[in-house]
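K.L.:
Numbering (UniProt numbering), first residue to last: 1 to 114. Ideal Cβ placement from N, Cα and C applies to all residues, glycine included.
(1) In the structure shown, what three-state DSSP assignment does residue 43 receive?
(2) Hey, would you say residue 96 sits closer than 7 Å to residue 35, going by beta carbons?
(3) Measure the alpha-carbon distance for residue 56 versus residue 49 and round it to whole angstroms.
(4) Would you tell me roughly how many angstroms separate the C-alpha atoms of residue 44 and residue 5, rounded to the nearest one?
(5) Considering only the alpha carbon of each residue, which of 111, 107, 113 and 114 lies closest to residue 40?
(6) How would you label residue 66, buried or exposed, when you count the other beta carbons within 10 angstroms and need 16 or more for buried?
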């Protein structure tokens, strides 16, 4: 559960904008590894705890984003804005975690029944 508390939506956009504005190809791989790890570790957690944890993480990410992310130009987050981009990234991460969780639960059930 502790892995799910990492504010990954904030970290994704923070590194993309503040540290690597022109090339951040490693962010996709890092985010994908995070989703896989969080999904595998959440197989024993109850569904509503996963949702609650990720909603909390998204809200914390939005707060951190407003405090620490400074876009290099005004059109960086157009047309929706920075908060929407962070929330959207958090939702995509949540969907990925839930998909990995479902797939890993199915695999564990099949291995257990054999």
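P.N.:
According to the structure data:
(1) coil
(2) yes
(3) 10 Å
(4) 16 Å
(5) 107
(6) exposed
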